[in-house]
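**Student:** Line by line, the protein sequences give chains A and B. Quick note: the first sequence uses the working numbering, first residue 106, plus one each step. Quick note: the second sequence uses the working numbering, first residue 106, plus one each step. Ideal placement from N, C-alpha and C gives every residue a C-beta, glycine not left out.
Number of protein chains: 2
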Amino acid sequence: MEVLRTNDEMSKWREERYRKGQIVGFVPTMGYLHRGHLALMEEALRRADEVVVSIFVNPTQFSPGEDLDQYPRDLEQDLKLCRDLGVQAIFAPEVEEMYPSGFQTRVQVEHLSQNLCGLYRTGHFSGVALVVTKLFGAIRPHLAVLGEKDFQQLVVIKRLSKDLNLGVEIVAHPIVREPDGLAMSSRNKYLSEEERSSALSLSRALLAARNMVTEGERRVDVLVARAKEMIEAEPHTRIQYVQVVDEETMTDIDEVTPKAVMAMAVFVGQARLIDNMRLSPSLPCLSSP
Amino acid sequence: MEVLRTNDEMSKWREERYRKGQIVGFVPTMGYLHRGHLALMEEALRRADEVVVSIFVNPTQFSPGEDLDQYPRDLEQDLKLCRDLGVQAIFAPEVEEMYPSGFQTRVQVEHLSQNLCGLYRTGHFSGVALVVTKLFGAIRPHLAVLGEKDFQQLVVIKRLSKDLNLGVEIVAHPIVREPDGLAMSSRNKYLSEEERSSALSLSRALLAARNMVTEGERRVDVLVARAKEMIEAEPHTRIQYVQVVDEETMTDIDEVTPKAVMAMAVFVGQARLIDNMRLSPSLPCLSSP
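1) By Cβ distance below 6 Å, which residues in the same chain neighbour B/D113 in space, the five residues on each side in sequence not counted?
2) Would the beta-carbon of A/D285 be found less than 7 Å away from any heavy atom of the ligand GTP?
3) Confirm, please, whether the CB-CB distance from B/F131 to B/A144 is below 8 Å.
4) With A/A197 and A/L180 assumed to form a contact (beta carbons below 8 Å), what rounded beta-carbon distance in angstroms separates them?
5) When you compare the CB positions of B/L378 and B/A304, do they come within less than 8 Å of one another, or not?
6) Apart from the five residues just before and just after B/R292, which ones in its own chain have a Cβ nearer than 6 Å to its Cβ?
7) In chain A, what lies closer than 7 Å to B/N293 by C-beta?
8) With a Cβ-Cβ cutoff of 8 Å, do A/V156 and A/Q193 count as a contact?
9) For the region 256-342 of chain B, which segments carrying the beta strand (DSSP E) assignment without a break, of at least 3 residues, lie completely within its bounds, in sequence order?
10) To which residues does DSSP link A/A243 through a beta bridge?
11) Compute the beta-carbon to beta-carbon distance between B/M382 and B/R315, rounded to the nearest angstrom, for a pair I have assumed lies under 8 Å.
12) With a cut-off of 8 Å, does the C-beta of A/F208 fall near any C-beta of chain B?
13) Could you tell me the boundaries of the alpha helix (DSSP H) in which B/Q213 lies?
14) With a cut-off of 8 Å, does the C-beta of B/E360 fall near any C-beta of chain E?
15) CA-CA distance, B/F208 and B/A234?
16) Could you give the DSSP three-state label for B/V132: helix, strand or coil?
17) Give the straight-line distance between the Cα atoms of B/Q348 and A/R152, rounded to the nearest whole angstrom.
18) Are the C-beta of A/D255 and some C-beta of chain B separated by less than 8 Å?
19) Here's a check: name, in chain order, each residue in its chain whose Cβ is nearer than 6 Å to the Cβ of A/V214, leaving out the five neighbours to either side.
20) From A/A249 to B/K239, what does the alpha carbon distance come to, in whole angstroms?
21) Would you please state the rounded distance, in angstroms, between the beta carbons of B/T62 and B/P386? I believe it to be under 8 Å.
22) Counting only Cβ pairs nearer than 8 Å, list the residues of chain B close to A/A243.
23) Within 10 angstroms of its Cβ, does B/E298 collect 16 or more other Cβ (buried), or is it exposed?
24) In three-state terms, what does DSSP make of B/D183?
25) Beta-carbon separation of A/S168 and A/R226 under 8 Å?
26) If you drop the 5 nearest sequence neighbours on each side, which residues of the same chain put their C-beta closer than 6 Å to that of B/D351?
27) Do B/A288 and B/D380 have their beta-carbon atoms positioned less than 8 Å apart in this structure?
28) Considering Cα atoms alone, identify which of B/L384, B/R178 and B/L138 is closest to B/R324.
29) When we look at the beta-carbon of B/L224 and count the other beta-carbons within 10 Å, is it buried (16 or more) or exposed?
30) Output the distance between the C-alpha atoms of A/L311 and A/S302, rounded to the nearest integer angstrom.
31) Where B/P133 and B/P284 are concerned, what is the direct C-alpha to C-alpha distance, given to the nearest angstrom?
32) Under a Cβ-count criterion, where at least 16 other Cβ atoms within 10 Å of its own Cβ denotes burial, should B/R140 be classed as buried or exposed?
33) Could you work out which residues of chain A lie near B/V214, taking near to mean beta carbons separated by less than 7 Å?
34) What does a CB cutoff of less than 6 Å around B/L217 pick up in its chain, not counting 5 residues either side in sequence?
35) Mind listing the chain B neighbours of A/S116? Cutoff is C-beta to C-beta under 7 Å, in chain order.
36) With DSSP collapsed to three states, give me the class of B/Q348.
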């Protein structure tokens, strides 16, 4: 497995694969890899000849006051996990390599970035769009595998790749959950045992809303109220939002449709957790590894 | 010569060249080709194995009230000129192919876009950055040849390619002028005979400023005043700006430096013309074919 540190090294690696006619797969990450990431890599390995994983805690997607500094990092362990899985290359640039002095370009996917997390994380999705454009530029993968936990991010990146002709097929992977339902996230590390128990209310509330839909409820306000109630009943929780949106446009809806997704962001202790679920009874419910 | 109409056709063409290990050169244009464009193509043909020329009047780089609708077009003549020169492919997409329904991504090179034309043409350089990102994405050329007449555009695109890791070497080509000094431009078509005569004041004013620098003048306000005076002495002229900036940062300077460029935009009749010249006596003066 090669570990590449600069854009030039990355392009050179990619050009060699291109000359051999190989299909290059890509999984972008901020490191501190968990089983959710590994599932994305396995999917990429199934679809591509060679797979690059990027490990880069991207400062431009953190809002002021967020957890950029304490975001968990463990490069050595990450490299071991990737090597054991059979990943061919790691792209792990320094911040100065990605944003050198004089850097001044912005990328913005407008409407899709506005609702949900976009309402609370100022500049987050421009930061995501920027780093993904750069990573896609340096790596030029044929496909990239992204997780559905970062659901709005997935939709934004799909649009970005199409709008800017980046030529990358975006493959969505279902949320990977712990056996008790907690969506896997590097930020789960922030949770105390008691907070982790409270954090289970997110997936339980999503599941409850989904069950209400199965039983005939279509009013979004009723579903949201019930979900909030379940989360607020637990200690250490502070809801940022619980919303139901159309999964393509990211706009709020009043009545459940086949494209309805309930999405939420909740602080549990210091950890800001997100989760989401499709509400339509015709779709798979809780995804697992 | 192949004429490609869609992004998919373009990518397919490019992939075939990549598989053969060929160097792809690119000249972006809005068509209505003149000898200036042909010089860019010749440069690209010298440096690359195969050359793509794009012909696309990009609506997103026109400000409201500008000449988008009357911008001159003659695709048949353009194709003939390219074919005669030995260009291998034309990329001529429709507006709907480049900006389909749902399109919503913006690209912005911040500081470099603000001064000069950026002060007057609202959104112009975001439109340029956007279309160039898309064209570079669809074509993925190794190099692109751009003219120095659109001097700020050249600097913006250099920054863009670097900032977004687009991997395209930007080659600058000197301004190509008519024998009497008029910088070649598709918009010269708008000029009546009398206006064309007035339009010569632009290059004459630049040359006069440069001569003053050669003779020792370093005060920018004196140089700008003289240039404006010469242009205003002609009928049908209306100055938008005459400025002296640093050629790398695009910021105004008070004293002439080795990186000083005088840049101007002047309406002559209905035509908005731009021109520029390096002021340092150590640099070549009036470029020609």
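**Tutor:** In brief:
1) For the purposes of this step, residue 113 of chain B is taken as residue 8 along the second sequence, with counting starting at 1. The beta carbon of B/D113 is closer than 6 Å to none in its chain, skipping five residues each way along the sequence.
2) The ligand GTP is not among the ligands present in this structure, which contains no ligands whatsoever.
3) As a first step, residue 144 of chain B is located in the second sequence; it is residue number 39 there, counting from the start. As a first step, residue 131 of chain B is located in the second sequence; it is residue number 26 there, counting from the start. Result no, Cβ atoms of B/A144 and B/F131 do not sit closer than 8 Å.
4) On the first sequence, residue 197 of chain A is found 92 positions in, with the first residue counted as 1. On the first sequence, residue 180 of chain A is found 75 positions in, with the first residue counted as 1. Going by Cβ atoms, the distance from A/A197 to A/L180 rounds to 7 Å, so yes, they are a contact pair.
5) Your numbering for residue 378 of chain B matches position 273 in the second sequence. Your numbering for residue 304 of chain B matches position 199 in the second sequence. In terms of Cβ geometry, B/L378 and B/A304 form a close pair [threshold 8 Å].
6) As a position in the second sequence, residue 292 of chain B is number 187, starting the count at 1. Closer than 6 Å at the Cβ level, and outside the excluded window around B/R292, lie A376.
7) On the second sequence, residue 293 of chain B is found 188 positions in, with the first residue counted as 1. Chain A residues near B/N293: none, gap ~32 Å exceeds 7 Å.
8) Here residue 156 of chain A corresponds to residue number 51 of the first sequence, with the count starting at 1. Here residue 193 of chain A corresponds to residue number 88 of the first sequence, with the count starting at 1. In contact: A/V156 and A/Q193 (Cβ atoms closer than 8 Å).
9) 274-278
10) The residue given as residue 243 of chain A occupies position 138 in the first sequence. According to DSSP, which records beta bridges pairwise, A/A243 is partnered with nothing at all.
11) The residue labelled residue 382 of chain B in the question sits at position 277 within the second sequence. The residue labelled residue 315 of chain B in the question sits at position 210 within the second sequence. Going by Cβ atoms, the distance from B/M382 to B/R315 rounds to 6 Å, so yes, they are a contact pair.
12) Here residue 208 of chain A is taken as the residue at index 103 of the first sequence, counted from 1. Yes, its Cβ sits closer than 8 Å to a Cβ of chain B.
13) Against the second sequence, residue 213 of chain B aligns to sequence position 108. Taken as a continuous stretch (DSSP letters only), B/Q213 belongs to no alpha helix (DSSP H), being part of the beta strand (DSSP E) at T210 to V214.
14) Among the protein chains in the structure shown, which are A and B, there is no chain E.
15) Along the second sequence, one-based indexing puts residue 208 of chain B at 103. Along the second sequence, one-based indexing puts residue 234 of chain B at 129. For B/F208 and B/A234, the distance between alpha carbons rounds to 15 Å.
16) As a working mapping, residue 132 of chain B is identified with position 27 in the second sequence. The answer is strand: DSSP assigns B/V132 an E or B state.
17) Position 243 of the second sequence holds residue 348 of chain B. Position 47 of the first sequence holds residue 152 of chain A. For B/Q348 and A/R152, the distance between alpha carbons rounds to 55 Å.
18) Indexing the first sequence from 1 puts residue 255 of chain A at position 150. It does not: the Cβ of A/D255 has no partner Cβ on chain B nearer than 8 Å.
19) Looking up residue 214 of chain A in the first sequence gives position 109. Residues of the same chain with a CB within less than 6 Å of the CB of A/V214, apart from the 5 flanking positions on each side, are A234, V261, R264 and L265 in chain order.
20) Start at 1 with the first residue of the first sequence, and residue 249 of chain A comes out as number 144. Start at 1 with the first residue of the second sequence, and residue 239 of chain B comes out as number 134. Those two C-alpha atoms are separated by around 19 Å.
21) The first residue shown for chain B is 106 and the last is 394, placing residue 62 of chain B beyond what the model contains.
22) The sequence position of residue 243 of chain A within the first sequence is 138, counting from 1. Correct list: N270 and G272.
23) Translated into the one-based positions of the second sequence, residue 298 of chain B becomes position 193. With fewer than 16 Cβ atoms within 10 Å of its Cβ, B/E298 is classed as exposed.
24) Residue mapping note: residue 183 of chain B aligns to position 78 of the second sequence, counting from 1. Here B/D183 sits in helix by DSSP.
25) For the purposes of this step, residue 168 of chain A is identified with residue 63 of the first sequence, where counting begins at 1. For the purposes of this step, residue 226 of chain A is identified with residue 121 of the first sequence, where counting begins at 1. Result yes, Cβ atoms of A/S168 and A/R226 sit closer than 8 Å.
26) Indexing the second sequence from 1 puts residue 351 of chain B at position 246. Around B/D351: I358 and K364.
27) As a position in the second sequence, residue 380 of chain B is number 275, starting the count at 1. As a position in the second sequence, residue 288 of chain B is number 183, starting the count at 1. Yes, the Cβ-Cβ distance between B/D380 and B/A288 is below 8 Å.
28) On the second sequence, position 219 is the one that residue 324 of chain B refers to. Of the listed residues, the one whose Cα sits closest to B/R324 is B/L384.
29) Looking up residue 224 of chain B in the second sequence gives position 119. Flag for B/L224 reads exposed.
30) Residue numbering aside, residue 311 of chain A sits at position 206 when the first sequence is read from its first letter. Residue numbering aside, residue 302 of chain A sits at position 197 when the first sequence is read from its first letter. One C-alpha to the other measures close to 16 Å.
31) The count along the second sequence starts at 1 and reaches residue 133 of chain B at position 28. The count along the second sequence starts at 1 and reaches residue 284 of chain B at position 179. Cα to Cα, B/P133 sits roughly 25 Å from B/P284.
32) Indexing the second sequence from 1 puts residue 140 of chain B at position 35. A residue is called buried once 16 or more other Cβ atoms fall within 10 Å of its Cβ, and B/R140, having fewer, is exposed.
33) Within the second sequence, residue 214 of chain B is the residue found at index 109, counting from 1. Chain A residues near B/V214: Q209 and T210.
34) Along the second sequence, one-based indexing puts residue 217 of chain B at 112. Once the five neighbours on either side are set aside, the close Cβ partners of B/L217 are V260, V261, R264 and M355.
35) Counting from 1 along the first sequence, the entry for residue 116 of chain A is found at position 11. Near A/S116 (Cβ distances below 7 Å), the residues of chain B are G272.
36) Counting from 1 along the second sequence, the entry for residue 348 of chain B is found at position 243. B/Q348 falls in the strand class under three-state DSSP.
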